[in-house]
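S.K.: Would you mind keeping the following structure in view while I ask a few things?
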Amino acid sequence: MNLNQELHEALGYCKHEPILGSQIWLITSNRMSFICSKCGERYTEDFCPDYVADPRLVIREMEKKGLRKRFLSSIGTTTNLDALGKMSSLIAIDTTGQLAQLALDWLRKEE
Ligand SMILES: [Zn+2]
Numbered sequence: 003m004n005l006n007q008e009l010h011e012a013l014g015y016c017k018h019e020p021i022l023g024s025q026i027w028l029i030t031s032n033r034m035s036f037i038c039s040k041c042g043e044r045y046t047e048d049f050c051p052d053y054v055a056d057p058r059l060v061i062r063e064m065e066k067k068g069l070r071k072r073f074l075s076s077i078g079t080t081t082n083l084d085a086l087g088k089m090s091s092l093i094a095i096d097t098t099g100q101l102a103q104l105a106l107d108w109l110r111k112e113e
């Protein structure tokens with residue numbers, strides 16, 4: 003399982019596993035879709051957001067869960083320039099998954 007899928011699951015979403023034979027080709031979107039054996043939902047192959055490529059999604063998900071401030075303060079306070087520089091890099095520059103990894107580690111520690 004990759005970092006995106008691990009974080010998605012840690013955020014409380016189903017990590018979907020297909021029912022064998024449930025796949026259908028969606029002509030309109032050019033994608034394969036499946037029915038999940040766990041939650042019964044129909045989903046497409048690319049259901050998992052790319053938190054690595056777009057770290058802003060990590061912050062948005064943390065906000066939805068009411069955890070944004072606590073998570074951000076676990077990385078560092080924005081009252082000094084070093085921390086602000088680190089934070090802006092994690093959110094707006096890095097595309098290697100550093101923020102997604104921090105979120106995953108933090109969520110697992112909070113459980
Ligand atoms: Zn599911």
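Position one of the sequence shown corresponds to residue 3 (the numbering used here), numbered consecutively onward.
C-beta atoms are modelled at their ideal positions from N, C-alpha and C, and glycine is treated no differently.
Alpha carbon to alpha carbon, how far is Cys50 from Asp56?
M.R.: Against the sequence shown, residue 50 aligns to sequence position 48. Against the sequence shown, residue 56 aligns to sequence position 54. Their Cα atoms are separated by approximately 12 angstroms.
S.K.: Would the C-beta of Lys40 count as close to ligand 1, meaning under 7 angstroms from any of its heavy atoms?
M.R.: Within the sequence shown, residue 40 is the residue found at index 38, counting from 1. The answer is yes for Lys40.
S.K.: Going by the DSSP bridge assignment, what does Arg70 pair with across the sheet?
M.R.: Sequence index remark: in the sequence shown, residue 70 carries index 68 (1-based). In DSSP, Arg70 forms no bridge with anything.
S.K.: Compare the Cα-Cα distances from Cys41 to each of Leu5, Asp107, Leu109, Ile21 and report the closest residue.
M.R.: Taking the sequence shown and counting its residues from 1, the one referred to as residue 41 is at position 39. For the residues Leu5, Asp107, Leu109, Ile21, the minimum Cα distance to Cys41 belongs to Ile21.
S.K.: Relative to the C-alpha of Glu112, which candidate in Asn6, Asn4, Gly14 has its C-alpha closest?
M.R.: As a working note, residue 112 is residue 110 in the sequence shown. The shortest Cα separation from Glu112 among Asn6, Asn4, Gly14 belongs to Gly14.
S.K.: Using alpha carbons as the reference points, say which of Asp48, Ile37, Arg62, Asp52 lies closest to Leu5.
M.R.: Position 3 of the sequence shown, counting from 1, holds the residue named residue 5. For the residues Asp48, Ile37, Arg62, Asp52, the minimum Cα distance to Leu5 belongs to Asp52.
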